[in-house]
Structures are given as C-alpha cells and as structure tokens.
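Chains as they are written, first to last, in our numbering: chain A, 1283 to 1947; chain B, 1283 to 1947.
Here the structure is laid out as structure tokens; the discussion comes afterwards.
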C-alpha cells in the first residue's frame, strides 16, 4: 500500500453510493427531465463537522455542477441533480472535514455555557483568515477584515456577535478548505433516455393484416390508414413485426405446420430471401418510400414506429451466401439450423457469435440499426436478445446511443431473471416482463414491488404486456371479456410502459391452437388475418378511455411511486401512484376475479399519501365516472365484472368545508 | 469501448460474486481451517451448456488451485475452498461455454427420441478431436482414437455406446476449451486470522488491582499469580488496560474528579510521563522482564495476553516535547487538549491526524505495535479507534499483518453503525458491539441476526461484552444476581467471542457512580481496588462451567450457524448453534426476566435442525445437569431466575429405541 503525502490526511470516508449498478460497472437509467437522487454514507473519525458535495456533469464535459449534500440519518447524505438532456451524465461525491463548522458548532455550545475564552476567537480568526486566502474579490476583503476583528476585539459581546454572524458563516462556507477532500472511487454514470422510455403505450399489429377487405395482403398504405384507429385509442408507439423479405426454404405453414402450402405467407421472423435481408422491405408490403410515408404519417399523430429486430436468417438470406463464416458449419457441410432437440427449426439459421469474423458480423448487425435509424426509426423491439452474445449488445447499444441517444431498445426476453436483468444492465431501455403470468394479488404485489421498489429499477424498465403474438395466457383464454378488461387495467396502471397486441386484444381473441398452449389459433405469425374492427364487443372505447387517463395523469407516467394498499379481500387489489410533485394521486382498485362481484374495504395510509385525516376527500372514478366521498383510511369498494372490473380513482385530497367559504366569516 | 479480438467471443457472464465486501474494495475474513463458500451468477446467451471454476491461491503465489463449481438454482453456482494458513488468499471465478457438454446433452435427447443422425456423431468427433489436441500423454491418444471411432463407425449402436461413454465425458471434461473463458473482473481477497479471532473468551482486569492485600499497588508478579484464577474460569484471553507511565499534569482524581489528591494513581489511559510513553511500562507495575515473565506464564496456561493501545498522550508524554507537530497548536501557543464543549479533558492531548508530519507519526504509531509484538503480544484492544483517521488504521493493520498475520485487533468502538462497520472493513478483526444494551428478545434477535446472518459477517466479527470499565449497564445495575447470570449466558452463547471485565463482573459489582450513569462507583479507572475473590456470591464457578461448555462444544465456537427459534413467551429467548459438520448442536434458552419464573413452549424447526420427527430426542442441560426427553417441535420450558436463568442444551438427535437393539431381531 503506497500512499502519497496527501492521501493520509483524507480523513473523510465516502461509501455506499446510490444509484450505483454493480459497483458502477453499469450506468443507472433516467429519462429527460428526471431527477437523480444521490445518496452516500459519509463520515469521518472523531467529532469534526464535515461537508459534502455532489458533482455532476454531462459525460465528456469539463465542467462540473456542484450541489451541496445534506445529511439524512445514520451518516447518510443526499443531494439531487436533474438530467435535462439526452445522453450520458457522470457524477461523483466529495466529502471533507469542515474545521470552520466544527469551530462554530463548538463555539455556540461554549457561549451557551458561558465558557467561551479569548483563545476560541483567535482560533476562529485563523480559520477565517484562511478562508480569506481562498476567497475572491470583495469576499476576501470582507473575510480578512472579519478575521482581524476576531483577533483584536476585546469586548466579549462584540466577539460573540461577529463570530456568530450568519454572513460570516455563509461566506466561509462559500470557500471551503478542500485540501484533504475525499472523492468517491469512480465517476458513476447515468444514461438519459427519451421520456418515451419511461412512459409509452404500445400497440402491435401485423402490417400484412391491415387490408380493408379480406383475402388481400396488407400494405404500408393500409397501415397508414390503420394509424388513425390506433391514435384514437391513445397509444403512442406502433410496433410492427419484421417487415423484411420472408424466406421460402422450410417456410412454415398455417398454425406452424412444418410444411407451407402454396400461397402460405410464412413467418415474418424467417428473415431473408432473394430480395434481401434485414435492411430490405418485404415486397408485398410496399416500397421504401411507402414505408417512409407510413413513418411520417405516424409521427403526425404523435405515434412512434417501433421496428422488430430479429437477428436470425432464413436459409435464403443473402448473409448465408455472402458471410458463410457467420453461421456454424456442420461436418457434413450443411449449416446448423436452430434446434431444441429433438425439435428442429430448419427455417432459421442462428448467427454464430463465436465466428472467426465476429467483429465483421458485429459491425454489420450494428449497421442494421443504423440503416433504420436513417429512416427515422428510434425504437427497436429486439427479438430474443438473450440468444445473442451479451458483449455484442453492450457494444452495439453503446455505439448506437453515442450517436443517437434518442434510440430505445425493448428486450423481448421472457427468460431467467438474472438474464433479464443483465440485458437491462448492458443497455436495453425497456424489457418485457413476467407480468402476463402474474394474476394473483400476492404474486402481482411481490413482482411489481421487486421491479419498482428495489435497486432493480435503476437499470430495468418494465414494459407490461397484456398479450403478444406468442402469448395468449390461460387467464385470457378462460376469463372472458372481464379477463381482458382486468389485464388491460392492470397493465395500463401498473406499467407506465405497457402494450397490447391488437387487434387480437381488443377483439377479445381467446382461442388457443390447442388446450394447454399459449399460441393463438390461426396465428397471424403464419397467416394473414382480416379483422372486422367495428364489431360491437371491441374493447377499443375502453382502451381509449384508459389511455386518455394515462395521458392526462402524470401519476401513471412513471412506476417509481407505486405503493400497494391493504384490502380485506384477496380478489381485490389496490395500489396508488403519484406524480413527482405529488399533485396528482391516482388510486387503482381491480377485481381480479373475472367471474364474480367482489366487495371489500381498502385501507389507505393517509399519512403517507398526504390525505388529511380529519376531513372527507373525493375519489373520482376516471373510468366509470362515479364520484365517491371517502372518509378516513377504510372505504368500501364493490366491483362487478359484468359491468367494470376496476376503478381508476383520482384522489382530490382536500374537499371544501364551511370554513373555506367567505360567508363563514 | 475498445475490444480486442478475443473479447467479443467471451459469451459467459460472471457477476454477483460472494463473498465480496464493497465490490472487492476490502477482503472478507476467515480463520485458519475455515471454508470459503464462493457463489456467483454465471450464465450465457442461448442454450449452450456452461462450466465454471473457482480459482484460489495464497496471495502472491503463482499457483492457483482450481475447484469446479456446481450450479445451485437461478443461475447461481458455488464451490468451496479451505484456508489452511494465516495470511491472505485471493480467488476468482471463471466461466466458459462447454460445447462438448451441449453436444452430449442434446445427443442424449436425440437418442431418446430416436432422432440421432450420423452428422451428430461427426460433430462429436470434431469436439473430441479438439479435446485430444488439448490433452496430454495417454489421454490425448485415447481421445484421438475415440474421435476416429465416432467419425468412422457406422453401426448406430456402437456410435451411441462410444458417444455416451462416461469415460469419454470425464476425459474431455479434464481438458476444457477455455479459449473464450470469462474471468471475474478482479481477484477478491480473504484475510485469514488465527482461530482465536473467531473463538475467544476475554477476561479484563486492572493489573494494579491484583495485590494480595488491600492498599498496595499490584505488580506483574501479582498479575502472574492472578492467572491461575483466570485460567480456572476457562478464559483464553487476558486483557490489560494500558500498562504505561501515567501522566501527572491534570491527573484525574477518584471517581473522575477534576483534581487528583496526593496519592491518587490516575487513569492508565492518560498515557505518558517522564518515564516514557507507549513503549514503556509504568514503574509501579514492574520491569520489562516482569512483564515478559507474566506473558510467558499466561502462555503456559493457554492464555493470550491482550494489550490496550490508546493513541493519545498526557501532557507529560515525551511525544509532546519531541514531536510538537503531532499535536494541534492553538494561537496562544498551548496545545489543544481533548474537548466535548463545554467539557474539557485537559489531561489528554489527541494526535492531530492532519499534522504536516503525519507520515512520521504513522510510522511511530505503527512501531508501538511492533514494539509489543516483539515482546510476544499478538492481540491488541484498540481504544477509540474511531477518533483516529481511518486511512491510518487501514495502512497500519495491513503493514503489521503482512509481517505478523497472527495479530488480532479488537476495535473498542461503541459509535454509529456505519463507523463500526468501516473499522471492521479496514482491518479490525474483532469489534465491541451494542450487545450490552440489547436486553429484550426482539432487539437481541434483530441485532444478532444482522451481525451473523447478513453479509456483514464477512467482515465484522462481534465480541460480546457483559460489561466494561466504562459500561455498567442499567440492566446489571437493576437485575440483581440473575441479571449478571442472564448477561453472562447470552454473551457466552450468542458470541463465539465474548468478554467480561472482572473481578467487577463475577463479584456482582453493580453500584453506579450516580443514578442514571453507567460509570462504576469507585471505578478502577481512577483508583486501585482490592478484590476479595473468595466471597461466596462470586460467579466464578458458573463462569467456569459456561466456559467449559464453550470449550468442549464446537457449536459455540462460531457465530454463523446461529438461528433463533420461536417461543410463546416474550421473556423466553431460544436459539441454536451447530458445528460446521453439524455433529454438535447446542440449544440455548434464557429467561430474560431477572425477577420472575417464566414458563412456555419453545418450537424447533426439526427439519432444519435434522432432528428426526418420528422419535424422541434428548436435550441434555450442560448447565444445570438435567436431561430432558423431548418429542416433536414444541417442548415445555420453565426457568426460575432464583435458581438458574437458562438452559444450555446439548441436543442428542437420535435416541435408541427397541429396533436399535440386537435382541429385537
């Protein structure tokens, strides 16, 4: 252990900093305008007073912004900075012994005890003189003068007045003695994403299923027409499954049969054909210009288009010819297709991330993103990222976001927990979750608490989906219309980011390919579907109402304030969210039972929620339109699934009473 | 992000390693012979099988010992290594994709499905041939031969037999393909201390209070005679307050009065006089030779002598003359004494750790330890380490333990939690705790759980004291004899390290200097006390019995197995400890009420404790001598404080029944 002369006198300890992901190995995540609340354990030996600062900067900038930290309890200190721009920020923490503060604190005690002596003021004079040496301009002169007053004055009353002058305190504090400052080990990082990374409402549809009449392959022109329908429902992200040429070799038939019949359109995830691969557009959807017109039309409606990036190749993908080394060769000269023995997926060649030309492959795969970014795409839903090498993602996302910090990557991973979290750490800005399979009150509470109330939230942003083309849950299969309503309400109020796969969702599509499967019957993955969007059972109006509530209540646009509240009925779940400034408080109550009316009492922690204990408050149901006058912590709820499975209640904390009116006086 | 050609193909992730203190900034702690159970999250993309190894070495050695890791659940892997020598060890974790294992796993599935094809064996042949290239000698030949069998054989039955041969599996596993191995970021460290750091029974006494007759200053010769008394009680550490010359200037009188009367002996913590300072011996105690004889006599009785190191100086300390710059000067030319305004401690000068000559001071203070180590001292109880700079301790302890890994430092700190833990992280091998003030069942359970069942235990080793010369708790003041018994039983069974300050403890000394104070009346800190050790109320026999139980039951010699068990009476606390091999199981039940008999049922988790559910077991009271036949999880306990406030029960898990005897057959 070698130490320079300065080291030994750095008496302050700075440790336990948060946010810090894996000891600083990964950045924490925020969105534009968020605050970063930094905490650290800071203390020194003995009884000296200390001071601490948070230093923050945009990555690469030479200029640090300094924010004084304030003590909480148990030697924990805090300060906050706001991230106002996209990109990366860095921060660090400094702590130092503050001899002036120690002197001042002790002097006040001495004065109180009447034991202040001349030497105490001489000590103070020295400290003030030192501050003067560090100070600038008029401050320096003022301090120097005050130092000589403390040194020369003989009247105890004068000494006391001058020594405890708040102005003196303020000026000395302005020029701290940081000769022996302790700085945190490393600069910690924060990635700042667009607001849509925190608050987004996704609508997925298959572009080929958008034709106005049955039997025709939809085009981007049809998609353009579909946009109004999506926008009217209040979504802000439109996500399309892959739009690239679809392979012919080993093409899958309807309902995932191993052999396609003539006319079968194949799975859009079998990417690549004679027409091209990941940078080309499936001919039947239209041209590049059609696509660009679609993207522009979406933007007009404040809809961001999200593209699917699935890094795998059909046997017909040009990569297979042009970059043989990117795929694993078998000893018989054939290329290794995807397998889960004994199942074979011969229509798909995975990339070999141990390829000798891995660097060239990385470059090309990264360029796929750049290609679409060039066409105005800023959100990518990445298919099965956990079957590609983690180092690739970390590199690619870092490289892409360096030039395009506005880009958001959603990880389509439903794999083991450590892997889900790793993908988030290495750069994915949103992730699918286990939410589709969390139906009981206890499991919803436990899972959402883990996601939103533990350090996981620093790097993992959940996106809660009701369904996907691969996931028609048993709850949806069996719960009837109320089942769909329940999952919609939960997803949209638990998840500031949420999504539905439509029109299957709003059209209440609930038939699995067979009992026990989560695959849709006649799945759009393998065939074109024609949707009659105007059928009366459609949930589109409810979805529109829910999204309108989300769009107009800041409380629902972030997950960090989520709190679950007690109910005396296990089928009733109750939770609240608040806006950062606490002005907007939304309480959601859902009847998790799709079959029966459930009643019970919800109990709210009024203190925590800043609801007055001594007067009534209003719970305004933004969903059903009712207005309830509530009193105290316990209030009755009754939810009939044949009418509406939940309340989304806006809490008006303070109702007027007689004393609020002029005529009371 | 720059990457070398190899990096990109390191597909395995290694994270979340334990033990790891503050991301590896500090070492974990063990004692000689302990095991280090290492865990890590290890996984890769996709579905390939992986392998992982733990690599361990003594610090500085070039040779790593490799131990294969095995998977637990949730992508967590584990392996264990033992630390057999004093000093520092390092370890790291490696993970890699195991293509042979993937192939073998998938082949078994294919064979089961009858879908194994020739190409599968060709792939295997290539993998085996690659292993042959990595293998040595006969193994290489064997593998090469097996590769050609897999390549050339045409009989499916033969292929299956050869491919799934366990010998093939074993040999390929012996030569793993680690081209793209992922290694944990840094080598993590473990400090290995002597066993006494984990298991020690401390007895503190004032050497000057050991004279055989009242009124005389005790000497090391008297101390030598006192050793048999201490050894008979079963302690293994004898700790002496400072033995150095005591200052005269501002010497404190009896009961801490500000002015000493003629003949008052002063506080041994006011270190330094004309005769010398921290390296000299107080003249009235004897000579260096006397001291060395005392240390040797202790060693004969397997008692380790622990010295007090209190880094502060009386105004008469030679340092004050010789190293003025080590103390803070006031503007009036006087030296700054210790203060807690408005209180003044003019008999004590603290060292100034911001001294310009801090490096010289560090060197000298370190040499104080080396001086006493040279006299055979291996345990130091460090007085108020938290009022000296943390970087000093980290440096000094590291330097000292590099040459003398056998040395143990006990931190005498009763300060804020973060500071207590920091001292442990930077090197203190034991620490005083808040135990003296934890008297209720809930608070004992919560505190001991934090100390022994959380990652805190990796660096913080508690030493539980019943009392100290500064701490006569209100519980002891008010609890009568049973109060002392309760605290003894708790300390000695909750703490593998524990201590008492005697003879005040065993003589039931419970008078405070005044109501509301924790200071002893007529404290030995300021005067010589004469103790009549043979008085009948002495607890020496009970202490001897308790220490004998500790010495003969491995379960009580470590804290990590501590488990609290339910009782239906809040005055009854129940907990168990087991030896590492689980052969020794000790259950302690204490009546926390010093006044009244308490009865109730204790409930044991029989499964966890490996007690058979279907037959009786024996609870043998090592303290009271009773033997109880217990059945099932719930058993009755009754403890009368006027007789004995606790049971220390040795659990004999298996009692013989008729089928255990030959004549049953």
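Ideal Cβ placement from N, Cα and C applies to all residues, glycine included.
According to DSSP, residue i sits in a beta bridge with which residue or residues?
i	result
residue 1744 of chain B	B/1713
residue 1918 of chain A	A/1883
residue 1910 of chain A	A/1901
residue 1494 of chain A	Looking at the DSSP assignment, residue 1494 of chain A forms no beta bridge with any residue, so it has no partner.
residue 1326 of chain A	A/1294
residue 1374 of chain B	B/1337
residue 1854 of chain A	A/1873
residue 1483 of chain A	A/1780
residue 1349 of chain B	B/1336
residue 1599 of chain B	Paired residues: none, contrary to the question.
Identify whether residue i lies in helix, strand or coil by the three-state DSSP scheme.
i	result
residue 1302 of chain B	coil
residue 1359 of chain B	strand
residue 1929 of chain A	strand
residue 1765 of chain B	helix
residue 1561 of chain B	coil
residue 1655 of chain B	helix
residue 1452 of chain A	helix
residue 1685 of chain A	helix
residue 1723 of chain A	helix
residue 1832 of chain B	helix
residue 1406 of chain A	helix
residue 1550 of chain A	coil
residue 1943 of chain A	coil
residue 1700 of chain A	helix
residue 1578 of chain B	helix
residue 1816 of chain A	coil
residue 1934 of chain A	strand
residue 1790 of chain A	coil
residue 1283 of chain A	Its pLDDT being 44, under 50, residue 1283 of chain A is placed unreliably in this model, and the coordinates cannot settle the point.
residue 1379 of chain A	strand
Do residue i and residue j have their CB atoms nearer than 9 Å?
i	j	result
residue 1549 of chain B	residue 1665 of chain B	no
residue 1766 of chain A	residue 1821 of chain A	yes
residue 1768 of chain A	residue 1761 of chain A	yes
residue 1485 of chain A	residue 1454 of chain A	no
residue 1458 of chain A	residue 1428 of chain A	no
residue 1905 of chain A	residue 1929 of chain A	yes
residue 1688 of chain A	residue 1709 of chain A	no
residue 1829 of chain A	residue 1517 of chain A	yes
residue 1554 of chain B	residue 1527 of chain B	yes
residue 1836 of chain B	residue 1483 of chain B	no
residue 1370 of chain A	residue 1309 of chain A	yes
residue 1385 of chain B	residue 1334 of chain B	no
Contacting positions in the stretch 1640-1669 of chain B - beta carbon closer than 7 Å to chain A
1640, 1641, 1644, 1668 and 1669
Does the pairing of the stretch 1465-1477 of chain B with the stretch 1384-1398 of chain B give three or more beta-carbon distances under 8 Å?
no
Beta carbons nearer than 7 Å to chain A: which residues of the stretch 1391-1402 of chain B have them?
1391, 1392, 1395, 1397 and 1401
With a cut-off of 8 Å, do at least 3 Cβ pairs link the stretch 1532-1550 of chain B to the stretch 1572-1581 of chain B?
no
Members of the stretch 1608-1630 of chain B that neighbour chain A once the beta carbon cut-off is set at 8 Å:
1612, 1613, 1614, 1616, 1621, 1622, 1623 and 1624
Looking at chain A, which residues of the stretch 1778-1792 of chain B have a Cβ within less than 9 Å of any of its Cβ atoms?
none
Are at least three pairs of beta-carbons, each pair with one atom in the stretch 1819-1837 of chain B and one in the stretch 1501-1517 of chain B, less than 8 Å apart?
yes
Give the residues from the stretch 1327-1342 of chain B that approach chain A closer than 8 Å (Cβ to any Cβ), ordered along the chain.
1327, 1328 and 1329
Taking a cut of 8 Å between CB atoms, which residues from the stretch 1680-1711 of chain A lie near chain B?
1680, 1681, 1698, 1699, 1700, 1701 and 1704
Scan the stretch 1283-1314 of chain A for residues whose Cβ lies nearer than 7 Å to a Cβ of chain B and list them as they occur along the chain.
1283, 1285, 1287, 1289, 1290, 1291, 1292, 1293, 1295, 1297, 1304 and 1305
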